[in-house]
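For reference, the structure is listed below as structure tokens.
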Amino acid sequence: MGIEIVGVNKSFGDFVALSDIDLSIPSGGLTALLGPSGGGKSTLLRIIAGLETADSGTIEIEGQDTTNVPAQRRNVGFVFQHYAAFKHMSVAKNVAFGLEIRKRPKAEIARRVEELLELVHLEQFAHRLPAQLSGGQRQRMALARALAIEPSVLLLDEPFGALDAKVRKELRDWLRRLHDEVHVTTVFVTHDQEEALEVADTIVVINDGRIEQVGTPDDLYDKPASDFVLSFLGPVTTLGDRLIRPHDIEISRVEQAAVVDGPITRWTRVGFEIRLEVTPTDARYAPVQVSVTRTEAHALGLHPGDHVWLRPAVGAQSVVSA
Amino acid sequence: MASHATGRGPRRTAATYVRRGLVLVYLFFLVAWPVSLVVTRTFGDGNHLASTLQDPAVVFALQMTVVVAFWAVVINTVFGVGMSLLIVRYDFAGKGLLNTLLDLPLSVSPVVIGLALLLAYGPRDGYFAPVLDAINLQVVFSVPGIIMATAFVSLPLVIREVVPVLQEIGTEQEQAARSLGAGGWQTFRRITLPSIRWALVYGVVLSLARSLGEFGAVKIVSGNISQQTQTATLLVEEKYLEFERGAAYATSFLLTLIAVAALVVVTVLRPKEEKA
Amino acid sequence: MTDLLTSPSGTTRRRRPRRSASTLTRPAAIGLGVGVTWFSILVLIPLALISFQAAGGGWGVFVETLGNPQTASAIGLTVRQALLVTLVNVVMGTLIAWVLVRDQFWGKRALETIIDIPFALPTIVAGLVLLSLYGPESPLGVDVSNTSHSVFLALLFVTLPFVVRAVQPVLMELEPEVEEAAASLGASTFTTWRRIILPSLAPSIASGATLSFARGISEYGSLVLLSGNLPFESEVASVRIFTYVENDNPAAASAVAVILLAVALAAIVTLNLISRRVARHG
Numbered sequence: 302m303g304i305e306i307v308g309v310n311k312s313f314g315d316f317v318a319l320s321d322i323d324l325s326i327p328s329g330g331l332t333a334l335l336g337p338s339g340g341g342k343s344t345l346l347r348i349i350a351g352l353e354t355a356d357s358g359t360i361e362i363e364g365q366d367t368t369n370v371p372a373q374r375r376n377v378g379f380v381f382q383h384y385a386a387f388k389h390m391s392v393a394k395n396v397a398f399g400l401e402i403r404k405r406p407k408a409e410i411a412r413r414v415e416e417l418l419e420l421v422h423l424e425q426f427a428h429r430l431p432a433q434l435s436g437g438q439r440q441r442m443a444l445a446r447a448l449a450i451e452p453s454v455l456l457l458d459e460p461f462g463a464l465d466a467k468v469r470k471e472l473r474d475w476l477r478r479l480h481d482e483v484h485v486t487t488v489f490v491t492h493d494q495e496e497a498l499e500v501a502d503t504i505v506v507i508n509d510g511r512i513e514q515v516g517t518p519d520d521l522y523d524k525p526a527s528d529f530v531l532s533f534l535g536p537v538t539t540l541g542d543r544l545i546r547p548h549d550i551e552i553s554r555v556e557q558a559a560v561v562d563g564p565i566t567r568w569t570r571v572g573f574e575i576r577l578e579v580t581p582t583d584a585r586y587a588p589v590q591v592s593v594t595r596t597e598a599h600a601l602g603l604h605p606g607d608h609v610w611l612r613p614a615v616g617a618q619s620v621v622s623a
Numbered sequence: 369m370a371s372h373a374t375g376r377g378p379r380r381t382a383a384t385y386v387r388r389g390l391v392l393v394y395l396f397f398l399v400a401w402p403v404s405l406v407v408t409r410t411f412g413d414g415n416h417l418a419s420t421l422q423d424p425a426v427v428f429a430l431q432m433t434v435v436v437a438f439w440a441v442v443i444n445t446v447f448g449v450g451m452s453l454l455i456v457r458y459d460f461a462g463k464g465l466l467n468t469l470l471d472l473p474l475s476v477s478p479v480v481i482g483l484a485l486l487l488a489y490g491p492r493d494g495y496f497a498p499v500l501d502a503i504n505l506q507v508v509f510s511v512p513g514i515i516m517a518t519a520f521v522s523l524p525l526v527i528r529e530v531v532p533v534l535q536e537i538g539t540e541q542e543q544a545a546r547s548l549g550a551g552g553w554q555t556f557r558r559i560t561l562p563s564i565r566w567a568l569v570y571g572v573v574l575s576l577a578r579s580l581g582e583f584g585a586v587k588i589v590s591g592n593i594s595q596q597t598q599t600a601t602l603l604v605e606e607k608y609l610e611f612e613r614g615a616a617y618a619t620s621f622l623l624t625l626i627a628v629a630a631l632v633v634v635t636v637l638r639p640k641e642e643k644a
Numbered sequence: 630m631t632d633l634l635t636s637p638s639g640t641t642r643r644r645r646p647r648r649s650a651s652t653l654t655r656p657a658a659i660g661l662g663v664g665v666t667w668f669s670i671l672v673l674i675p676l677a678l679i680s681f682q683a684a685g686g687g688w689g690v691f692v693e694t695l696g697n698p699q700t701a702s703a704i705g706l707t708v709r710q711a712l713l714v715t716l717v718n719v720v721m722g723t724l725i726a727w728v729l730v731r732d733q734f735w736g737k738r739a740l741e742t743i744i745d746i747p748f749a750l751p752t753i754v755a756g757l758v759l760l761s762l763y764g765p766e767s768p769l770g771v772d773v774s775n776t777s778h779s780v781f782l783a784l785l786f787v788t789l790p791f792v793v794r795a796v797q798p799v800l801m802e803l804e805p806e807v808e809e810a811a812a813s814l815g816a817s818t819f820t821t822w823r824r825i826i827l828p829s830l831a832p833s834i835a836s837g838a839t840l841s842f843a844r845g846i847s848e849y850g851s852l853v854l855l856s857g858n859l860p861f862e863s864e865v866a867s868v869r870i871f872t873y874v875e876n877d878n879p880a881a882a883s884a885v886a887v888i889l890l891a892v893a894l895a896a897i898v899t900l901n902l903i904s905r906r907v908a909r910h911g
């Protein structure tokens, strides 16, 4: 159940947006499609919604083959990055739109709109026009509008992409809580790994029109299937011939068994964190970024210019660099 | 726009007043004074308006103008909205060319437009005369020809207003409506049309003003027969040349009134459109 | 291609199929068919017939038509006056736009309406209106009717809005900060104007001038009453076309029409080139 995607391909001219995508999205979960811009994740979402048609392959939503069903009959809630607010309608009218199209009785529509506006905390803005709302409020209105039709799945295309950092963070927490209340199968597209790691139950990493890895946030972070996933989900550096996270490197001022050694050539302090660059004496290796906390640096007695020995920390994840 | 209104006031120097004075004088002598004279000439020596409106030829011509303008505007509105949607929302071969050609009527002389229609649909030598004869339809020297000429000259006006607004609003609202279950017609009526309505009204008003005032093209294709194919503008010329100046000025006054009313409507509409 | 897709906001929304690919749905294709058919019946076929008519007679018709001194004089007058009027419009239109955008005074809104009156006023009424102030019964004692000046006056009236309306929106978009930056770098008012403002306005001035010239050479309605249509004095090309039509000489009428069209095209190309030069060499 949920959403079953089988063998989906899509090209625009000679640009391949999606190639042979097989994916099964569990019912009731909160799934993130994560990847860089232009990697195909938005196209996949739009194909699920019926706003774009796949060149080949099938889409099943809750056990129903919807491959050839037009968007207006898929009963899919879609939230756009730029809200797509109906500018000439009040907030309440926006939310009521899908129900009016479905010719529900007036009283039912009014009741439902009230409920939804309460859910998204916009009760007192019911009669405002979208232009009179802030970006975050507009996006909550768009969400209420999509939820009004009781969609079998809720799809969000970079829902917080156009908002500033603080509102983005608030809405992210709020979406998580909302999902815990409503429990509708939800898929959202994002290029922000932090957003995906924080909100989603399942993350699908998509790059260059292909699925790189599917898993829980922990799976992806701890057991990356490729150097792409490793590097996309957080900072990485090259230690010898392996990719590793900068905070997973053990650093020592005393000579010990090490992958590389060399002087600390750059020293940048960002809040509690200190970012070091070590240039290996062995010229075959690229400079290594190491991140340590201020306390660690103090305890080890590190100073710019010190000669240090580097090796992976115990239990660190690394992959062979491509 | 808002920043201009709320920003600090303009710095005024002597040059500001020179420029302002120059513009005011220029516009006063070129437009304001001459136009106001039509009003004084109409009401100056005796009320020409009342007596003119008794003249059956005048009444007929005015009715003719209204009917012709109505149909031309209806045709251009339907055509214009449809074409605008096709140009903005779809890709097809030859779109650029079509887009350019649609502006053509604005840069062709009305007389040439009349000539073109005459060459195509003239009763004797027209290219399509045999076809029109066969279905027994007279175009030139009759009402359909006048409507065609009028529709021709005002053809691009609706499109020019609607296209930029359609481009501006994008397709997301329409896609959202579709994902919420609205069909093609519902999406157009409830989402697209309300979004373009001011631009559309603006385009319609411009078309109407242009249609009411068309002269050169209509003069050629109508045959200019009093009380049969004579429109108001043709009547003004005839009355003036027949030294019925009072009637000419009175009819002109009516046409001016409509033109200025249309302009006022447009000016009132424009700021609203910007705020939206 | 990937550059195009990597927009700063991280959206792939604007991804579009290749130009040549048609995205027409069935109903849209039918609509396009109906629309283009109507457009062809109304505009394209009739206009094409003018070229056929003129070309049908070969070069002979053009030579003969231009050889007619009355016609040649009418075309000459039309082009001369249209050029002159366009020149005045470039200066006055830009000035008017400047005042409308940068100046604040009581009654400015009324001025906006006055600018548009020549658009909305029927051309025959425009002629009559000018006749009332600059005709035989002029309260100013200025009578230009039946002279070549009347052509200049009528064209000036009907083309008034073109440059103003083209320049105005561009001037509104122009950020005062840019001028302030120029001033802070030591540019005088005049230098700022010539190096900063004029180049940004040039394309819109040129497009307004093009429209104004095209309208000027094709004007008919406002001239019939005002100019008297005196051969070799105040008769313009459109009137010649009309006379040829009335005399049942569509070939000659078409020839003049094609010549006018060629002049208009030449003007469009020239003005386009000039505006590009000005815009580049600010």
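Here the protein sequences line up with chains A, B and C, keeping their order.
Following this note's numbering, the numbering of the first sequence begins with 302 at its first residue and continues without gaps.
Following this note's numbering, the numbering of the second sequence begins with 369 at its first residue and continues without gaps.
Following this note's numbering, the numbering of the third sequence begins with 630 at its first residue and continues without gaps.
Backbone N, C-alpha and C fix where the C-beta goes; we use that ideal spot for every residue, glycine too.
Coarse secondary structure for residue i, derived from DSSP in three states
| i | result |
| --- | --- |
| residue 354 (chain B) | This structure cannot speak to residue 354 (chain B), because chain B is shown only from 369 to 644. |
| residue 549 (chain A) | helix |
| residue 413 (chain A) | helix |
| residue 622 (chain C) | Residue 622 (chain C) is absent from the model: chain C starts at 630 and stops at 911. |
| residue 373 (chain B) | In this predicted model, residue 373 (chain B) has a pLDDT of only 39, less than 50, meaning its place in the structure is not dependable; the value taken from the coordinates is given anyway. It is helical. |
| residue 720 (chain C) | helix |
| residue 644 (chain B) | Its pLDDT being 37, under 50, residue 644 (chain B) is placed unreliably by the model, and the measurement read from it follows with that caveat. Residue state, collapsed to three classes: coil. |
| residue 608 (chain A) | strand |
| residue 587 (chain B) | helix |
| residue 620 (chain C) | Limits of chain C in this structure are 630 at one end and 911 at the other, which puts residue 620 (chain C) out of reach. |
| residue 528 (chain A) | helix |
| residue 765 (chain C) | coil |
| residue 438 (chain B) | helix |
| residue 425 (chain B) | helix |
| residue 577 (chain B) | helix |
Where residue i falls, given that 16 or more other Cβ within 10 Å makes a residue buried
| i | result |
| --- | --- |
| residue 388 (chain B) | buried |
| residue 444 (chain B) | buried |
| residue 616 (chain A) | exposed |
| residue 608 (chain A) | exposed |
| residue 383 (chain A) | buried |
| residue 632 (chain B) | exposed |
| residue 603 (chain A) | buried |
| residue 390 (chain A) | buried |
| residue 781 (chain C) | buried |
| residue 801 (chain C) | exposed |
Chain-ordered neighbours of residue i on chain B, where CB pairs are closer than 9 Å
| i | result |
| --- | --- |
| residue 727 (chain C) | 387 and 391 |
| residue 314 (chain A) | None at all; the shortest Cβ gap to chain B is about 11 Å. |
CA nearest to the CA of residue i, picked from the options
| i | options | result |
| --- | --- | --- |
| residue 618 (chain A) | A:537, A:610, A:563 and A:576 | A:537 |
| residue 394 (chain A) | A:446, A:476, A:580 and A:376 | A:446 |
| residue 655 (chain C) | B:520, B:552, B:418 and B:480 | B:552 |
| residue 499 (chain A) | A:318, A:465, A:404 and A:335 | A:335 |
Contact list for residue i against chain C, beta-carbon separation under 9 Å
| i | result |
| --- | --- |
| residue 645 (chain B) | Residue 645 (chain B) is absent from the model: chain B starts at 369 and stops at 644. |
| residue 520 (chain B) | 671, 672 and 675 |
Residue-level contact to chain E via CB, residue i, 8 Å cutoff
| i | result |
| --- | --- |
| residue 588 (chain B) | Considering every chain present, this structure includes no chain E. Its protein chains are A, B and C. |
Cross-chain neighbours of residue i in chain B, by beta carbon under 8 Å
| i | result |
| --- | --- |
| residue 870 (chain C) | 477, 479, 480 and 483 |
Contacts of residue i in chain C (Cβ-Cβ under 8 Å)
| i | result |
| --- | --- |
| residue 532 (chain B) | In chain order: nothing, as chain C lies at least about 11 Å away. |
The ligand ZN heavy atom lying under 7 Å from the CB of residue i
| i | result |
| --- | --- |
| residue 674 (chain C) | The ligand ZN is not among the ligands present in this structure, which contains no ligands whatsoever. |
Minimum length 3: unbroken beta strand (DSSP E) runs contained in the region 367-429 of chain A: Unbroken beta strand (DSSP E) runs of no fewer than 3 residues, entirely contained in the region 367-429 of chain A, are found at 377-380, following chain order.
Inside the region 836-872 of chain C only - alpha helix (DSSP H) runs reaching at least 4 residues: For the region 836-872 of chain C, whole alpha helix (DSSP H) runs of length 4 or above, ordered along the chain, are 850-855.
Could you name each continuous beta strand (DSSP E) segment of 3 residues or more that falls completely within the region 446-493 of chain A, going from the start of the chain to the end? If we require 3 residues or more, the beta strand (DSSP E) runs fully inside the region 446-493 of chain A come out as 454-458 and 486-491.
Start-end ranges of the alpha helix (DSSP H) lying completely within the region 510-540 of chain B, minimum 4 residues: Counting only runs of 4 or more, we get 511-521 and 523-537.
Would you mind listing the alpha helix (DSSP H) stretches within the region 449-490 of chain B that are 4+ residues and don't spill past its ends, in chain order? Within the region 449-490 of chain B, the complete alpha helix (DSSP H) runs of at least 4 residues are 463-470 and 478-489.
Unbroken alpha helix (DSSP H) runs of length 4 or more, entirely within the region 678-735 of chain C: which are they? Those alpha helix (DSSP H) runs which fall completely within the region 678-735 of chain C and span 4+ residues are 687-696 and 698-731.
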